[in-house]
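Written out below as structure tokens is the structure these notes cover.
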Amino acid sequence: MITGATRYWWPAALALILTAGACSHGPQFYVDRGKGFAAGGKYEEAAINYRKALASDVDNGEACYQLSLALLHLGQTQDAYQQLSRAAELLPNRDDIAITFADLTFAGYLADKRRPQVLHDRLASLSAQLLVRNQRSYDGLRLKANLAATDKKYKEAEDLYRAANEVKALQSPVILGWTEVLLADGQPKDAEELAYRLIAKEKTFGPIYDLLFSYYARSGRRPDAEKIARLRVANNPSDAGSYLRLAAFYADAGNEGEMQSALQHLTGNSAAFPQAHLQVGEFYAKLRRWDPALAQFDEGSRTHPGDRAEYLKRIANVWLAQGKPGPARKAIDEILTIKPADEAAQMVKAELLVSGGQPDGVAKGVTLLETLTAKNPGDANLHFNLGRALLTKGDREGARLQFIDATRRRAGFLPPRIALAEMEQARGDYKAAFQYADEILAIDPGLPQIRLLRAVCLMHLDRNADARTELRNLAQAAPGNREVLLQTAALDLNEKKLGEAEKGFRRLAAENPGDAQAISGVVATLMASKQSDQAISFLQAEVQKKPDALPVRLVLAETAVRMGRYDLAIEQYQRILAAAPASGQMMLAMGNVYLLKKDYPAAIAWVQKARAAAPQDPNAMAQLATLLAGSGRNRESLDLFRQALKLRPDDAALLSNTAYLIVETSGSADEALPLAQKAVRLDANEPHYADTLGWVYLRKGQNDSALQMFGGLTEKYPENETFHYHFGMALLQHGDRAGANREFRAALAGKPAEDVRRGAEAALSGHGAGGF
């Protein structure tokens, strides 16, 4: 008889066994399950199962291999390569794995312009591995031939392709490579014969047609190019791409009738070519024939109303290509009415908002891109576009972080790296810009604009010899290039070779009348030669040559300001404003000139005009705030600084000015401190930001920090009266009256600002310092 203590053992044990069987499968179960999902095209699910297999057996080579195949289908090439590499290591005798790994490696080798030796060696090893196991391995011979072809060892490649063809006759990968080698080796007759043999066997293999067509076009054999294009159409009557290529040939030849005939074959047969209007519209758009492109897209959206959103995207692209954001925005808005969750349309809308330049629009665009990026954190393009939007908004630090994130998300992604290099150059950090330039050139050595940027960085890093070598190499590659000649003249100026510099700048100015950069270079050389009057005369002559060249007038105005010839500057700004009456920037410049003339009412009036022209322009807000502060209207000034700071939260000057005014208007030093600290973090080389931070420390009662800050500033900048005055106030608060009086006297020794003079005199007279 079963006792109570044991009577339930069997059902419980059975339940435990069933549970274990349901929840714990071996690696092979997940591999087989993954293959089932892959066979049905469900590669995400397949990848999940292969990863489960690897979770319980990290050395499962089959799981690594199958996972790599799934990842290739998902477009995750880098991860696929890693898994294939591991699979090849775990299963070294599997030819299928070695071949797939070699083909992916070769694709990466061709895509990298540097032709990395490590990939070359790996390909050589893989092909050798296959040939050791079977000296007549088709894939081993094919891979070795491909490598010889890229090394331009044409005879060796021909022999290897021939041997591979003997193993498997007329295989398209071998015949394509063999034909390319024969053409490169100057054997066109054999190449053509081989190519036509493949076409007879495999009529649908497009790359062989493309190869022959390109060769005929390069060689000026237009009848043969037309023949191969027509043969492709004849052999592939249901392939729209073949008709489009034929139409492109006739478009290039200026044969409108034949081009229209090829396109009509598509648009007139909608049953066979349901996307004809889309394809023909894109064909016209590539030719920049906007009206027929729009007509095709409109017709397509009418005949295929269910696909209207797709046609609207193309319509928006046409408007954008023409520089017409208004109609483009209308098309995008309609897309989002049809498909509110369409992320591609949302991204274009965000970019349109940002490119509009209006602060409200820019802010909305940034918010939209932030939402999209949060949903798709792995999308490098989104991070890059968000970075550009933040840069437009004035958030340089936020932009920099997004650009860095974009580089991490995609290896070899150049646009964010280029943006980072240009940002660092713009803010004067030439060491960082140089490092980014080297990183970019390691990926693509042939980018002339980055080589030029690198030369500019070398110049500013006092590596003039290296800069000249780089510029000389660029000049040899592109003789007469304006930018190279401009920077060469700038290098001459940097090395004090004033005669050579002036000669170079004058030559560029003569060749390009109205070239403001070249004209500025001439002015810089004349000013460096102490010929300021000649600089003004030169500029006036240039303005007379091209009275409508507003950038040249601007150079004249700015040079006049530097020389204290304010009336001449005002005259030039007035002429510019007559041609561009809505230019808030020129209104701000006028305000600055009147400020220098100490005509404060006129300065304020001009800046108020600038703000009325662009109410959300943070530059106008900041300049008006500065003028109001100078007039003793600190509270109004602070309100404007706060508004500007909301639009540009990472503007170091705004942060510093706002912090200073907060403590000067009996505000909270606790509120001012993080603003002043952030300004110093953003630009540690600007002493006035450090001065503001020291002043906030003083008002907050952190006297030791204030003393340290001001002591360092007066040591580094002994001629700055403001720093001496502030150091004196800190010493006074510390109880060092003798030291304070010494600093107050130092403040009065130069030509201090009025507020500094009054403060130092009051302190010395006993009202602030308590006497001697």
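With this note's numbering as the guide, the letters of the sequence shown map in order to residues 1139 to 1910. Beta carbons: idealized from backbone N, C-alpha and C, even for Gly.
Straight-line gap, residue i to residue j (C-alpha atoms, nearest Å)
i	j	result
Leu1706	Ile1714	13 Å
Tyr1168	Arg1271	31 Å
Leu1762	Ile1708	19 Å
Lys1634	Arg1538	35 Å
Cys1161	Tyr1188	Unreliable positioning characterises Cys1161 in this predicted model, as indicated by a pLDDT of 46, which lies under 50. A coordinate reading is not provided.
Ser1275	Leu1268	6 Å
Gly1494	Gln1484	15 Å
Tyr1732	Ala1740	6 Å
Gly1324	Thr1317	11 Å
Asp1604	Leu1596	7 Å
Asp1233	Ile1337	29 Å
Val1661	Asn1730	22 Å
Val1305	Gly1358	36 Å
Gly1702	Lys1736	12 Å
Ala1752	Ala1647	34 Å
Val1622	Pro1361	42 Å
Gly1246	Lys1180	26 Å
Leu1261	Arg1819	49 Å
Limits of the unbroken alpha helix (DSSP H) element including residue i
i	result
Asp1788	Run containing Asp1788: none; DSSP gives neither H nor E here.
Glu1182	1181-1194
Tyr1168	1165-1177
Phe1351	1344-1356
Leu1401	1394-1405
Lys1816	1807-1820
Met1724	1722-1734
Met1701	Here Met1701 belongs to no alpha helix (DSSP H), and DSSP marks it neither H nor E.
Phe1387	1378-1391
Leu1529	1518-1531
Ser1675	1670-1683
Pro1553	1552-1564
Tyr1855	Tyr1855 -> no alpha helix (DSSP H), and no H or E assigned at all.
Glu1340	Per DSSP, Glu1340 belongs to no alpha helix (DSSP H) and is neither H nor E.
Gln1309	Per DSSP, Gln1309 belongs to no alpha helix (DSSP H) and is neither H nor E.
Ser1439	1428-1441
Arg1620	1620-1632
Asp1755	Segment: none, Asp1755 is in no alpha helix (DSSP H) and carries neither H nor E.
Sequence-distant residues of its chain with Cβ nearer than 7 Å to residue i (five each side left out)
i	result
Ala1363	Phe1351, Tyr1354, Ala1355, Phe1387
Ala1283	Ala1295, Leu1298, Tyr1299, Ala1302, Gly1315
Ala1322	Tyr1292
Arg1555	Thr1545, Tyr1574, Glu1577, Ile1578
Ile1581	Gly1550, Leu1552
Ser1658	Val1693
Arg1368	Leu1384
Close-in-space but distant-in-sequence residues of the same chain around residue i (CB under 6 Å, 5 per side omitted)
i	result
Ala1727	Tyr1711
Gly1278	Ser1265, Leu1268, Leu1269
Gly1866	Ala1878, Glu1881, Phe1882
Phe1435	Gly1419, Tyr1449, Arg1452, Ile1453
Ala1782	Pro1756, Met1759, Ala1760, Leu1792
Where residue i sits in the DSSP three-state scheme
i	result
Gly1315	helix
Ser1275	coil
Leu1599	coil
Leu1212	coil
Phe1411	coil
Thr1803	coil
Lys1641	helix
Tyr1449	helix
Glu1296	helix
Trp1148	Residue placement at Trp1148 is poorly supported in this model, since its pLDDT is 36, which falls under 50; the coordinates still yield a value, given next. If DSSP states are grouped into helix, strand and coil, Trp1148 belongs with the helices.
Arg1253	coil
Asp1777	helix
Asp1893	helix
Pro1463	helix
Lys1569	helix
Ala1549	coil
Gln1325	coil
Cut-off 8 Å between Cβ atoms - residues of its own chain near residue i, not counting five sequence neighbours on either side
i	result
Ile1542	Pro1554, Leu1558
Leu1474	Asp1480, Ala1483, Gln1484, Lys1487
Ala1654	Ala1687, Pro1689, Val1690, Leu1692, Val1693
His1521	Thr1511, Gln1540, Phe1541, Asp1543, Ala1544, Arg1547, Pro1554
Asp1197	Leu1228
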